[in-house]
Structure formats: C-alpha cells, structure tokens
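>
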Amino acid sequence: MAETKGYRLGVDVGGTFTDICVITPEGRTVRAKVPTNVTDQSIAVKEGVDEVRKILKDNYGWDGLFEYIHHGTTTATNAILEGKGAKTGLVVTAGHKDVLAFRRSQIPGGLGAWINWQQPTPIVPLERTVEAPERISIQGEVVRPLDQESFRESLKDLKRQKPDAVSVSLINSFANPIHEEEVRRVLKEEFGPDVEVVTSTEILPEIQEYERTVTTTANAIVKPIVKRYMQGLENLLASDTNTIRILKSDGDLTSVSLAGQQPVNILMSGPAGGVIGVGHVVSKNTPYKNLITLDMGGTSTDCALIPGTNAVLRRETIVGSLTVKAPSVDVRTVGAGGGSIANYNTFTAALRVGPESAGATPGPACYGKGGNLATVTDANLVLGYLPTKLLGGKFSLDVDAAANAVNNIARQMGMEATQAAEGIIDLVNETMYGALRLVSVEQGYDPRDFALVAFGGAGPLHANAVGKLLGSFPVIIPPAPGILCAQGDATTKMSHEQSCTYIKLFSTISTEDLRTMYDQLKVSCTETMMEALGEKSPALRIAYQADMRYKGQALTLTVDMNAEDLGSETSALLSALRQRFAAAHEQQFSFSLPDAIDIEIMRLRVKTTDATPDVTIEAIEAAPGATPPESAVISRGPIVVNGQKVEAVVWDRALITKSGYQVEGPCVITEMDSNTLILPGFVGEIDNMGNILIQPSEKSDTWSDELTDTADSARDYVSKNPLVPTLIASALGSIRREMDTLMLRCAMSPAIREQQDEFNVITNPRGQMLVGQFGSFIGQFLENWKGTIEEGDIFVTNDVYQTQGAVSHLNDVIVLLPIWYHGKIVGWAANFGHLTDVQGKVPGSMSIGASTIFEDGLQIPSVKLYSKGEFNSSLLDVFMRNSRIPEWFQSDLTALVAACKTAATRVCELCDRYGIEVYRAATDYLLERCHSAIGEIIETKFGNERSSFTDFIDDNGHGLGPWNISCSMQKEGNRLIFDWDGTAPQSNTTIKSIPTENIELYFPLRIEANESVPDSGGAGFYRGGNAQRTLYHFLCQGEVSLHDDRWLTKPWGVNGGEPGMRSKKGIWRNSSYGTDKPDYQILPSKMDHLVVKPGDVLEWVTWGGGGLGDPLTRPAEIVAAEVHRKLVTFEGARKNYGVVVDRDDFSVDTEATEKLRANMRAQRPTTWGDLTYNRGGTLKEVLADAEMETGQTAPKPVWEETPYGPHVALPYVKNWYKMMREQEGFILDDFVKV
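According to UniProt numbering, the sequence shown holds residues 1 to 1234 in order.
1) Should V22 be labelled buried (16 or more other beta-carbon atoms within 10 Å of its own) or exposed?
2) Provide the residue span of the beta strand (DSSP E) that contains V143, from first to last.
3) Going by C-alpha to C-alpha distance, which of G85, R975 and P962 sits closest to I934?
4) Is I424 helix, strand or coil by DSSP?
5) Under 7 Å between the Cβ atoms of D12 and C485?
6) Whole angstroms is fine: what's the gap from Q587's alpha carbon to F581's?
7) Under three-state DSSP, which class holds T4?
8) Helix, strand or coil for V312 per DSSP?
9) Within the continuous beta strand (DSSP E) that includes L305, where are the two ends?
10) For A648, does the three-state DSSP call read helix, strand or coil?
11) Three Cβ pairs or more, each shorter than 8 Å: is that satisfied between the segment 440 to 457 and the segment 356 to 374?
12) As a quick exercise: from G339, A365 and L505, pick the residue whose alpha carbon is nearest that of G354.
13) Grab the span of the alpha helix (DSSP H) containing I43 for me, first residue to last.
14) Is E180 buried or exposed, if buried means 16 or more other CB atoms sit within 10 Å of its CB?
15) Helix, strand or coil for T129 per DSSP?
16) Which of the three DSSP states, helix, strand or coil, is assigned to E997?
17) When we look at the beta-carbon of I1082 and count the other beta-carbons within 10 Å, is it buried (16 or more) or exposed?
18) For the candidate residues L1031, M672, V275 and V1119, whose alpha-carbon lies nearest to that of L1098?
19) Cutting at 6 Å between CB atoms, please list the residues of its own chain near A1120, excluding the five before and the five after it.
20) Excluding five sequence neighbours on each side, which residues of the same chain lie with their C-beta closer than 8 Å to the C-beta of residue 1244?
21) Looking at T1167 and the ligand NAP, is the gap between the Cβ and the nearest heavy atom below 6 Å?
22) Please look up how many angstroms separate the CB atoms of Y7 and R104, rounded, as I've assumed it's under 8 Å.
23) Compute the beta-carbon to beta-carbon distance between I225 and L247, rounded to the nearest angstrom, for a pair I have assumed lies under 8 Å.
24) For T299, count the other beta carbons within 10 Å of its own beta carbon; 16 or more makes it buried, fewer makes it exposed. Which is it?
25) Does the Cβ of A1162 have 16 or more other Cβ atoms within 10 Å, making it buried, or fewer, making it exposed?
26) Hey, T511 and L573 are a contact pair by Cβ (cut 8 Å); roughly how many whole angstroms apart?
27) Let's test the definition: count the other Cβ atoms within 10 Å of the Cβ of residue 1281 and tell me whether it reaches 16, buried, or not, exposed.
28) With 16 as the cutoff for other CB atoms within 10 Å, does A2 come out buried or exposed?
29) Would you list the one or two residues that DSSP bridges to M769?
30) I'd like the list of long-range same chain contacts for A421, defined as Cβ closer than 7 Å, with 5 residues on each side in sequence excluded.
31) Below 8 Å, can you find three or more Cβ-Cβ pairs linking the segment 549 to 560 to the segment 597 to 610?
32) Does DSSP put G95 in a helix, a strand or coil?
33) Using the Cβ count rule (16 or more neighbours within 10 Å means buried), how would you classify G393?
34) Rounded to whole angstroms, how far is the Cβ of M1160 from the Cβ of W1103, which I believe are closer than 8 Å?
35) Counting only runs that start and end within the segment 859 to 915, where is the beta strand (DSSP E) found for 3 or more residues in a row?
36) By the 10 Å Cβ neighbour count, where 16 or more other Cβ atoms means buried, how is K1218 classified, buried or exposed?
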C-alpha cells in the first residue's frame, strides 16, 4: 500500500457497537459502525478499520497507512466489572491486612445507610493478602527493617495459590520506597519473571494508604490482561498504522506501552471520549464555551461539565463500586437509558422508571427479542418520536410489541397508553434533569448559564425536554451523535502527568523548594513524553498544579501555576496562589476564609501535553436560505405531546446539514445512529459545524405548561393526572440530593464530610415531611415559636428541648427556612449537621463528665439568623467566639444555609412549573398515598401480638449501670403504637458514644495495627461482623478521651445465633508493647483526660456483631474460606461452627465435619432454640461474671443510687425506681419469636 500521511482514525468500543471516525487531511469526517466482539474487542476494531477503508477508497481513492489510530477501550473496565481480572496477591504492612476491607470506614448514602448497605467484596481477597513485617514512619524513617526471612516464610500460601500478579502497598511508602523495592526483589526471586509485581510508589506515590493500595491493586489486576490486549492490537493493526495510542480516563492519550504498564489510567477510557468530542466539535468551534453534556445510551446516562472549553476533571476514577485515585473526566452516571424499565407499583400507586434495564438482550419490547416489559424506548415509539426503522433501515422496530408493553402499564394505572408513555418519558427526563443539576451544582455553577449538548444513541431524543427543565439553551446536537466518542478519540492528544506528596503550610514554603520538586517531576514527565512520541525535542505544553486546602479542611482544590509564577519571589508566589485558591473556593463552596487561616499544600503535579496544532474539522456548506428542501422530508405523521396529537415532520439530517437551515417543532430529525426530537414552540438551526441548535421559538407566545389556579381545580387535575405527584416526588428527591451535595461540598466538620452526619427535610406549610431521612422537626419548631415569620427569615437552633428531642445533642445545629412563593409560605426547608465543636468543657463539646446541659456546649434557642433577608453577623460572632474551631463552625453554618436556600429556590421552580395550587394538591396527594400505603402494610403484614425488647447502655462512665432502653410495639388497626415504658430515667451525667479518627500525619502517634479480630463476630448461619482492633503508639505526651460502650453486655445473637465479643480498651505503659514484659492496664470504655506518654500503646477493640441463625447450618465451605481469610480461626471453626478445616490447604474435611456437627447437635439441651435473643447468659450472670471475664468491676445498679434533679418528682421516675428495687433487676422476655 502506498503510504500517505494525514488520515487520522479514532475508534471507540461500546457494549453493542464499535464506532469509527476518520478525519481526512481536509478536515472532513468519515464514519462507520460495526457490532462489538465481546470476546475480543480488537477483532471489532479491525473490522471497523477495514469497513472505513472501503469508504475511503470508494469516496477518496485512498488506501494507505493511517497517520495514527486512537483507541478508546473498555478492556480494563470490563475486567473490573465482570470480575475477570488477573488473580492477584497483595503485600501490606503487618497489622494492616484489612486495608481493602476497611476502605475509608465510610458508608455511602448517609449516616443510616449501613442498615441496607451491601459491602463490596475487596478486589483482592484476604486469603491472598500477605503481611510484611516492616515499618516506615510518616517522615520516611525506617522504624522496623523488613524481616526478609519471616516475609519469605509468609509467602508460602500465596505461592500455592499461583497468582498472576502481586501488588505491594506498605504504610508510608510514599515517604520512603526502600521497603517496597526490597519486597519487589524478594517477590521476583520467589515467583519468577512471569508474575507481574506492581508497587504503590510507581503507581501512586501519595499519602492515604487505602487510596494508594486500591489503585495499585486495581492496576495489578488488569495489567496482565491489558498488556495482552495491547500486544494483540498492535499485531492486528500493524498493516494499518505505525502509531497506536490509547485514550485515558482524563480524555488525553497515552502510548500502548504506558497503557499496558499503568492500565488504571484507562479505566474510564470510553465515556471520556464523548466529552472530549464535545469539547472539540462544539466548545472549540462554536461561540458556546460553557457546556453540560448528556450522553444517553441503552442502560444509563453520563453527565459532565465543560466550563470554558476544558472538561472538569476529578482526581479519581469510579468503575462500579470501585474508586481508584486516577484522574478522569468528571462523568456522573445515572440509571436512565433507552432500555430503562417502567414499573407500576399498585401498592404505592406510583410509576417508577429505572434503574433496572432490559439491556441489549432481550432489550426493549420493540426489539422483538422476547422482551415484554415497557421501556423508555418503547414509550418513545408509542408516542411517535422514533421511526420504525433504525441504523439506516437495517434494524426494524416492533410497534405492536411496544404498544402491548406500554398498554400493560396503562391498564394498571387506569389511563390511555399514550398518557402512560408520556409519564414514562417525563419521569426519565426528570431523573436526567436532577443528575445534570448535581453535576453543575457540585462545581458551583448554575446550569442556566450553560448550553446543553446531547449525544449517544438516545440523548438527542430527550435533549429538548431536558434543556427546557434546566433552562439551558441552546440545546446542541452534534453531527453523528451516536459515534461522537470515536471523533473525540481522533482529535485528542498525548499527555503524561506525575505527582508527589508535598505536605507543607504556606508559612513554611519557599519558591526554591517548590522549583526543585517541580523540576524533578518535569524532567520525568518530559522523558516519558519524548519516548512515547518518538521525538527528541517534541513540542510540549507543561502545566504545574498544586492540591491545596485550608488547614484542617478535608477536601483539596487544584490550583494552576506556570513557569513565570515559579520564577517569582516566595511572597509574590504565595500571594498569587492564595488569591487563586480563594477564588476557586468561592466558586465551588460559595465562600472563602480570612487570610489569617493558613493554607496547606498536599501534593504537587506536573502534566506535559503534546503541543502540536489541534486537528481541524471542515466547516459545512452554507444553505441557500432558512427553509430546507421538501426532498429532505422523509414523512409526516402524528406524535403525542402533552396529551395532544400534533403533526410532525420527519427530516433526513443528511439532507438538511447546511449552515443556516431551520426546522420548527414539532419534528423529528433522523440519521443513521440517532434521532432528534424538537418539541412544539422550539426551532432547530444548523450551524457551520453541522450542529443542531435548538432554541425556544420567537414565534411562540409561551412554552410553559398551562397551569390551574384554584385549589378545587388543582385537586381535580391531580386526581385525573396521577403521574403529576410522581413527577413532583421525583423532583423533591432530586432537591434533597442537591441539599446533601451542597452540605458535603461546603462543610468542614469531619462528622459531616466523612460520616455524612447531616440530615435535611422539605415539608409542606404544616411541617409534614415531603422528603427527608430523619423525619420533620418543623412541627416542633412551629409549636414553640412565638414570634413572626416573614419573607427572608432564616432560623437557627440546637435546643434539644424546644425541638422536643428532634436533635439529641448540642453539636447538631439546625437551620430552618420558610419557603415563600408569591407572598405565601408553600413549605419549609431545614437541615441539621453535627458541628465539631460548640463550646463545652472538652474539645468536641461532648464530655462524659457533664452533669448538666450547660457543660455540654452553647445552647442556641430558636432565633433568626436572617431577618427579612438581613444577616445577623453579630450572632455569628457569638457562635464563633464560643467554638474552639470557629472556621469550621462558620463553614458548616454557611453550608446549612446554602442547602436550605437551594431547596427553597428549587421548590419555587416547581411552583412555577406546575402552579402553586397543583404543587399543593400534589404534595397532599403524596402524603395521603404514603399514609395509605403504610397503613396497609401495618394492617396486612403485622401481627396483633405485642412485641417488646430491651437493650442496654453499659454504664455512664461513673460506675453506674447498665441503663436500659425498653420498647414495646402494638398494632391498633392500621397504626403502630410504640411504648417506651420501663426505660430507665435519665442519668445524672451524660452517656455518649462517638467515633474517633486519628491520622499519623497530624497527630504525634503511629498506628501499629488496624485490623479485624478473628472469631469476634457471633457465630450463626449469618456470622456477626468481626470487631476492629486499632493500636495507637503515642510519640509524645498528651491526653486522650475514650467514649465507647458494650464492654459489659454482649451484642446479642438472634434465633440460634451466638452473641458477639465485647469491646475492650487497654494501654501498654513504659514502652512495653511487643516486649516479653508487658505492662498492660485495662481501661474503662468511657473516660476523659487519659494521660499518655511517649512509648505508650493504646489498644482500642470494638465489639463484634451478634450472629443470626443456627451456626451449625452455615455452609462449611464458607467457614473454611473465612478461616483462610483470617476472619475465623481453625479452632473457632471447629468450636463454633462444627467445621474441621485442613491446616495445609484450607479445605473442608467433610467426614469429620459431619460427625462433629452431629455430636454437637446431640449435646444441645432440649430447650435449645426456644431462646430468641442470646445475650450470653442472663443479665444477672453477665454482671456476676463481668470482672472475671473483662477485668473490670461491674457497675453499680442504677436503682441502688439515690437520684437527684427535677425529674425525680415525676411519677414515672418514682415508679421505675420502686419497681426495680422490688424486683431487684430487669425482667427480660428473650423468648419472644421474631
């Protein structure tokens, strides 16, 4: 073949199709689409290249070598998602084997999400995790050298399992890689050259051990697979090009070699291509620079933000449940696609669309592959938005099958098929609207300042409606939107970046030091790019970045620098960086802090990018006028919009692609890979790049829906249109998520940012919760507030009495905002969050020694923070003066206010959209629907028997306890009555349990171990969760507070399950930890002012969870696997589960197990199984054995102490003490069946 330069090819592999786009030397685009080969993506790549070659030869007479082939691949992604990565081992520092299981100790979805959260399986199981006896300090000093002999011995079991790769991630290796390199050498000697060894210092030499470990391990898991794929791809395309490059998750390119070495950087290669394509086709070639992207496919929709030509990047990549620390285009995915299934729940009388999807097989009903469930695609076909043939006539849709599927939903809802179809479309549009708002709001932008760009196979069909909801215009549909990812691949460039941890406060930084660090990164990056580009002096653009935060803040922001900045004096550089950081903070968080607050740099980064000229796309031919020719009309026919049939024109996009042509809605513009719907009242115009620009029509007087204006007519409208409340409920759910996003984005307190200890609510004017998680506290506020409520007022309180216990301690500060619309209150928005410090006698405001609420912190009665819109800055001064961390208090309060204000704005937008009376009628309908559904659940699913249970707080930290909490539940008709009779009266001191997190970087200590405790979870058919053991080695003198529980009463097992292990606290004194003469002191679970000295080691062991069900029925194979994973010991398996496990290969000895289990069953008393709640004995027995089993004296019974305080005169308190003294203890009914 004759070699001709200038033809550049991009290829993107999707789940169903592989897309190819070639850009000719003249800037024209040539496209092709072939089915994806799911067993080997490179086969479809080659088929696509051959297909486009035929087109190029026929149309351009060209058949040479492509200048390059750029490839977006999901090979690495699929290996992770499908669990088909290489068998990989992991080496960690001794005492930290559970780093992948513990993650960040953060459960997504809010403070109560643990109730139904399913923890993802670690990507490397514990049986392939090896502990290396070594330790590096946070400063990079060798604390304990690597014990090679012991380490080699510990590798025997991993060698038996024959891994394909091993990842190495040791504590503090970013500060000194000496031990990781030593481990690498040992592994190469032990496993040989065929096993890949990946160290964390070569992949991510940054602080944060979980992120470093999971990123390194993910790289190891996919590395062998990606390397094989890349080698095969090069061989397959050898006759097509000399240069193959791979798209990275950040939208830039890397070489085939680097992709094979660091495949963790290409995990989101596919979605990035579409966003980069938008940036090139739209942002760089049209006047529209601020863009929101909507990429809607068959199962999901990807959303991204491009504020000013470049897409927003995030410093992490998310694939399924896995999050790794690798840069990626900030693409957010929501479960709304063409295949999303519609489902009507007759119980709640609500329609739901997605996230479940019909997928490609069987797919929507209209695909004719056996699917019979209504999907978004079926609804679009029923409404006339889709033509009956797709892919240029190659794929026919089954109209009757779609109609039958949608009719099934319509019959259940008692409405016409077209009404149900519109409901499906409206709901999926609402879902995408919420996702797009979150993408913009998270970055501090208003979506109304952006244009919306839609692509993907289904995106253009929904873009007009979603743009209308967002207020984002124009809505832009690029040419060939179904294969835009491939065009993005063809136009993007090579880059390489490297980073390093650099933790310094501004007050300690010098320009010389920064220059030295940046020069090292720059040299390394430049050398890598020279090798990848095959040039000695390539044109490169070099960018310098630093990740910064206010001292004490959790989240970092990236600030850019240039070579000129680094050449300036230290004071000038730091001043410029502070201004840029403050501006970025203002943009994203809506505020910045005073210059007196020091700024901390966490890491430095250099990115080198190919600086050769951009690929140019040829502009299209100008149209002779505004009206397209009649020959471009494919057909005319009815479509349904807002319940009305209207005639729409179906246009052939290829025949109207001339700059200046305009088409008015309603119409559908069809092309090979997508269809665009333009609604009535809108017009589409073709620009000089071939994009369709959709805008509201100037001829239309209004494009808002008709609104009803009386309460009666609104109620009638809602009763006839039951989908409206569902749409409003969906919108309210989106608003609540937006409030959460703002809180987590703006707040500084770790309890909010890391534990998500914040709860919001939106109510109606009466304070009844419409959406929220913690219930409404508006009613309590309204009951106690005696002042005026005026427009612009915002209230604040933390008063546990005025809110009637809606907040349980003073750290929980509530902001409440009345939502006004046209002079009337239409509802309330409120948010509370756990602020770190609100005064009080100890840091954190929660002392176990507090005997009155005045010692707990600053009490804030219900007061106006804003009065008629005027901010009470003096009140904030008082708050900040009474907090040990005033900056955190200010940012948290700002976040609470911002969240409520956003909710108010969005609720008013709903009133604009539907009308205030329809909004009110719909929310009343939702409350009634919820009330009826819950009532029916109670009436039909709950029995009539009274259920009771008692649990305990062990002590109050002052030798008194346990304190019981008793509750009984009784059904009365369709209501449940909860009775707390029998609960102990209040303690004279506080009783608390809060988590503590310490980090070696900021505290003078070393974490010697952070691991699970085998056998600590109660045995059962479902094993209770194991306890967690953490060892804190103190490096200087100080004080520590302990706030915990469950050292006395055991975590109960249920229905045959055994109780879990108690918690335990203790301390090794006088540097005796790890010696043959330990000086160990048992500690109480609650105490303030524990004095620690250098060399002391605090042991903190949480309690284990209780088991559920008979442990002898737990599958023996699972027990054996947990022995291998060090979650259960060999003896624990035998004693607690009756399972005999081979000590060499961890297999089950089936015969011995069956015999042992039979003997254990035979030895059980005849009453075994009668006990529902197993507390490890009666409470009297637990108390009697406490000292022998725990080393601590049992607390004095509560009733033996004479109480004092105003509550003592209450009849309930008197009766409780009298009853307990007479019966001398608790009477528990642990035999009730559950």
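Every residue gets a Cβ at the ideal spot worked out from N, C-alpha and C, and that includes glycine. All of these numbers come straight from a predicted model, not from anything done at the bench.
So, from the data block:
1) buried
2) V142 to R144
3) R975
4) helix
5) yes
6) 10 Å
7) The predicted position of T4 is uncertain, since its pLDDT is 44 and thus under 50; a value taken from the coordinates is nonetheless stated next. Here T4 sits in coil by DSSP.
8) coil
9) T301 to P307
10) strand
11) no
12) G339
13) Q41 to Y60
14) buried
15) strand
16) Caution is warranted here: a pLDDT of 32 is assigned to E997, below 50, making its placement in the model unreliable, and the coordinate value is therefore given only provisionally. Of the three classes helix, strand and coil, the one that applies to E997 here is coil, per DSSP.
17) exposed
18) L1031
19) V1141, F1146 and V1148
20) Lying outside 1 to 1234, the shown extent of the chain, residue 1244 is not represented and no answer is given.
21) With respect to small molecules bound, the structure shown includes none, and the ligand NAP cannot be examined in it.
22) Between R104 and Y7 the Cβ distance is about 47 Å, and since that is not below 8 Å, they are no contact.
23) The pair is not a contact, with the Cβ atoms about 17 Å apart (cut-off 8 Å).
24) buried
25) exposed
26) 5 Å
27) Here the chain comprises residues numbered 1 to 1234, so residue 1281 is not present and cannot be evaluated.
28) Bear in mind that the predicted position of A2 carries a pLDDT of just 38, short of 50, making it unreliable; the figure below should be weighed with that in mind. Label assigned to A2: exposed.
29) T763
30) A379, V382, L383 and V406
31) yes
32) coil
33) exposed
34) At roughly 25 Å, the Cβ-Cβ gap does not stay under 8 Å, so M1160 and W1103 are not in contact.
35) 863 to 867
36) exposed
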